[in-house]
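Protein chains in written order, with my numbering: chain Z, 1 to 303; chain S, 1 to 303.
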């Protein structure tokens, strides 16, 4: 038995569509939906679900079909870059599986999704077929609005499916990768320039941390701005370093950090790093947590 | 089925005696030894083990008998206050059990241990028979060296067993309580006065935090001093508050905090508190950890 996690991002925040997608996933026996989050300003749904590889693949196909039927990208607005209704589908190895297996799953899912729904598919991250395609930024260049134009350019043909966007569902990036962390830090200001400057200071391609992508966005719900970040290798770039650097940069604008949030569940390892740094307990490990030690001793720990 | 955790403290750091005690625990089917730590300067062994209540009780009796046979308190020296070979035996409720059940276990263990080994037993914490006996400090007053004298005083008769110490094993405190955290902070100085002043600033009965007991000790292994603390209600007094207060007090002496360590595994809740405070993610919960969410979804989480 091998467990795989899948964290698809869909371009919707319509509660009815969200429910239909979740229902498609839950209808597959052996699928565990661990988390889902969506909000209007990103206009995006992130689902985290897990199970055995083949079960996850089937459930993902069912959910993707619902999204293609229900989401019309021509009317989609949102602050997060996106190319399609089923914007990105990453397979992540958990207990008893490895990256190679997740690459296979990604390829199989991409092939079947392109064939059955007519949506062009790009493979990214560990499943990429060429070096430049590893990056979601490269795939998403021009976003949904310029997708047809971009896809026509040399070297930008999809890995599977037609060489033009699905009329309402755009295109989809399918990949395999290690767990990432989506971490958003809320600032005590409505000044979007401040959020963008801090985002720039953190971003890997703008002088920041090599495993961080960051954007500054306005959050209508609170009236404040937010630095939205993806940490692609939390093993190398722990949360404390990201958070303390945001605080450091915010200080120059006299802007306080008023809170933060994760989008989706985080790996336990991220909490271990906090103990090591903030409490200076250098050799702390997951076995030092009583519930984890007990679950392991009883043969019940899933990784 | 109900799980109970037991974290007995034995007055030894002799590797052979430690091994004999662990072996006695492990020999009982259904016992999970999660952790054990011991060192010379405390001259003390702390074991964390868990299992179903009755199994834990039987294993604890076996281990206690080994300790009574192998440890001679007349020759024991150590920096931690103690009254006996089996110094303290706390039962802690886990999944599916409550405090009432742990009080019953404590009473049953105390009665049988006193009868079968001739060691006087005091009930403490939630198992105490009188208010003043809730406190280990009260029970340990004068330590092993003055035990006979103290026990003869009015109101200090043991709850079970003879009214004088076992000649080599002293007396034992047996109780039921919520999980506690033993947290030791290492300072960058060999000056014991600094550790003692910081310990005083933290201690509940000296103007410090109401759930913290603290002592300053010298650590021969490193040549530095340490503030050794017990946090009796980590739910009310989270680790960040303790750590930041130690840092604050250390600052006035110009002494750095060079590291820290836990004695025994910590409850997961303690890590949740770190995320909430240091990362300002106010609504973070154990379900936001991917492995925990998955273990729960699969019906494998032990609490």
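We put the beta carbon where it would ideally sit given N, CA and C, even for glycine.
May I have the straight-line CA-CA distance separating residue i from residue j, to the nearest angstrom?
{"i": "residue 140 (chain Z)", "j": "residue 185 (chain Z)", "result": "24 Å"}
{"i": "residue 260 (chain Z)", "j": "residue 229 (chain S)", "result": "31 Å"}
{"i": "residue 103 (chain Z)", "j": "residue 64 (chain Z)", "result": "18 Å"}
{"i": "residue 97 (chain S)", "j": "residue 5 (chain S)", "result": "10 Å"}
{"i": "residue 19 (chain S)", "j": "residue 44 (chain S)", "result": "13 Å"}
{"i": "residue 171 (chain Z)", "j": "residue 122 (chain Z)", "result": "8 Å"}
{"i": "residue 11 (chain S)", "j": "residue 256 (chain S)", "result": "31 Å"}
{"i": "residue 206 (chain Z)", "j": "residue 271 (chain Z)", "result": "28 Å"}
{"i": "residue 134 (chain Z)", "j": "residue 78 (chain Z)", "result": "24 Å"}
{"i": "residue 363 (chain Z)", "j": "residue 293 (chain S)", "result": "A query on residue 363 (chain Z) cannot be resolved here, the shown segment of chain Z reaching from 1 to 303 and no further."}
{"i": "residue 127 (chain S)", "j": "residue 276 (chain S)", "result": "33 Å"}
{"i": "residue 265 (chain Z)", "j": "residue 34 (chain Z)", "result": "8 Å"}
{"i": "residue 237 (chain Z)", "j": "residue 224 (chain Z)", "result": "26 Å"}
{"i": "residue 291 (chain Z)", "j": "residue 227 (chain S)", "result": "26 Å"}
{"i": "residue 200 (chain Z)", "j": "residue 219 (chain Z)", "result": "18 Å"}
{"i": "residue 204 (chain S)", "j": "residue 198 (chain S)", "result": "12 Å"}
{"i": "residue 240 (chain Z)", "j": "residue 284 (chain Z)", "result": "15 Å"}
{"i": "residue 3 (chain Z)", "j": "residue 282 (chain Z)", "result": "30 Å"}
{"i": "residue 111 (chain S)", "j": "residue 158 (chain S)", "result": "11 Å"}
{"i": "residue 248 (chain S)", "j": "residue 280 (chain S)", "result": "20 Å"}
{"i": "residue 211 (chain S)", "j": "residue 233 (chain S)", "result": "6 Å"}
{"i": "residue 38 (chain Z)", "j": "residue 222 (chain S)", "result": "51 Å"}
{"i": "residue 87 (chain S)", "j": "residue 124 (chain S)", "result": "12 Å"}
{"i": "residue 190 (chain Z)", "j": "residue 251 (chain Z)", "result": "16 Å"}
{"i": "residue 307 (chain Z)", "j": "residue 167 (chain Z)", "result": "No information on residue 307 (chain Z) is available, as it lies outside the stretch 1 to 303 that chain Z covers here."}
{"i": "residue 76 (chain S)", "j": "residue 165 (chain S)", "result": "15 Å"}
{"i": "residue 26 (chain S)", "j": "residue 295 (chain S)", "result": "26 Å"}
Per DSSP, residue i forms a beta bridge with which residues?
{"i": "residue 18 (chain S)", "result": "Beta-bridge pairing links residue 18 (chain S) to no other residue."}
{"i": "residue 37 (chain S)", "result": "S:46"}
{"i": "residue 166 (chain Z)", "result": "Z:170"}
{"i": "residue 226 (chain Z)", "result": "Z:186 and Z:217"}
{"i": "residue 88 (chain S)", "result": "S:9 and S:173"}
{"i": "residue 3 (chain Z)", "result": "Z:52"}
{"i": "residue 212 (chain S)", "result": "S:231"}
{"i": "residue 181 (chain S)", "result": "S:231"}
{"i": "residue 260 (chain Z)", "result": "Z:185"}
{"i": "residue 144 (chain Z)", "result": "Answer by DSSP bridge pairing: none, since residue 144 (chain Z) is not bridged."}
{"i": "residue 160 (chain S)", "result": "S:121"}
Under 8 Å, do residue i and residue j count as touching if we go by C-beta distance?
{"i": "residue 89 (chain S)", "j": "residue 179 (chain S)", "result": "no"}
{"i": "residue 99 (chain S)", "j": "residue 84 (chain S)", "result": "no"}
{"i": "residue 216 (chain Z)", "j": "residue 192 (chain Z)", "result": "yes"}
{"i": "residue 163 (chain Z)", "j": "residue 120 (chain Z)", "result": "yes"}
{"i": "residue 57 (chain Z)", "j": "residue 113 (chain Z)", "result": "no"}
{"i": "residue 48 (chain Z)", "j": "residue 177 (chain Z)", "result": "no"}
{"i": "residue 360 (chain S)", "j": "residue 182 (chain S)", "result": "Residue 360 (chain S) cannot be examined here, being either before or after the span of chain S that is shown, 1 to 303."}
{"i": "residue 187 (chain Z)", "j": "residue 194 (chain Z)", "result": "yes"}
{"i": "residue 66 (chain S)", "j": "residue 24 (chain S)", "result": "yes"}
{"i": "residue 51 (chain S)", "j": "residue 32 (chain S)", "result": "yes"}
{"i": "residue 174 (chain Z)", "j": "residue 95 (chain Z)", "result": "no"}
{"i": "residue 311 (chain Z)", "j": "residue 17 (chain Z)", "result": "Because chain Z is modelled from 1 through 303, residue 311 (chain Z) falls outside the range shown and cannot be assessed."}
{"i": "residue 214 (chain S)", "j": "residue 68 (chain S)", "result": "no"}
{"i": "residue 231 (chain S)", "j": "residue 246 (chain S)", "result": "no"}
{"i": "residue 268 (chain Z)", "j": "residue 289 (chain S)", "result": "yes"}
Below 7 Å on C-beta distance, what does residue i contact in chain S?
{"i": "residue 198 (chain Z)", "result": "Ordered by position in chain S, no residue passes the 7 Å Cβ test against residue 198 (chain Z), which lies about 15 Å from the chain."}
{"i": "residue 50 (chain Z)", "result": "294"}
Under 8 Å Cβ-Cβ, which residues of chain S neighbour residue i?
{"i": "residue 123 (chain Z)", "result": "Those do not exist, as residue 123 (chain Z) stays about 24 Å from chain S at its closest Cβ, beyond 8 Å."}
{"i": "residue 99 (chain Z)", "result": "Residues of chain S passing the Cβ test: none, with the nearest at roughly 17 Å."}
Going along chain Z in order, which residues have a C-beta closer than 8 Å to the C-beta of residue i?
{"i": "residue 179 (chain S)", "result": "290"}
{"i": "residue 267 (chain S)", "result": "289, 290 and 291"}
{"i": "residue 102 (chain S)", "result": "Result: empty, since nearest Cβ-Cβ is about 15 Å, beyond 8 Å."}
Under 9 Å between beta-carbons, which chain Z residues line up against residue i? List them in chain order, please.
{"i": "residue 282 (chain S)", "result": "259, 260 and 261"}
Tell me the residue span of the alpha helix (DSSP H) that contains residue i.
{"i": "residue 253 (chain Z)", "result": "Residue 253 (chain Z) -> no alpha helix (DSSP H), and no H or E assigned at all."}
{"i": "residue 104 (chain Z)", "result": "99-117"}
{"i": "residue 149 (chain Z)", "result": "147-151"}
{"i": "residue 291 (chain Z)", "result": "290-297"}
{"i": "residue 276 (chain Z)", "result": "268-278"}
{"i": "residue 202 (chain S)", "result": "192-202"}
{"i": "residue 136 (chain S)", "result": "136-139"}
Where does the unbroken beta strand (DSSP E) through residue i begin, and where does it stop?
{"i": "residue 125 (chain S)", "result": "121-125"}
Can you name the residues of chain Z whose CB is closer than 7 Å to the CB of residue i?
{"i": "residue 32 (chain S)", "result": "294, 297 and 298"}
{"i": "residue 239 (chain S)", "result": "279"}
{"i": "residue 93 (chain S)", "result": "Result: empty, since nearest Cβ-Cβ is about 12 Å, beyond 7 Å."}
Taking Cβ-Cβ distances shorter than 9 Å, what residues in chain S pair up with residue i?
{"i": "residue 274 (chain Z)", "result": "271, 274, 275, 278 and 279"}
{"i": "residue 243 (chain Z)", "result": "278, 279 and 280"}
Starting from residue i, find everything on chain B with Cβ-Cβ shorter than 8 Å and list it in chain order.
{"i": "residue 302 (chain Z)", "result": "Chain labels in this structure do not include chain B; the protein chains are Z and S."}
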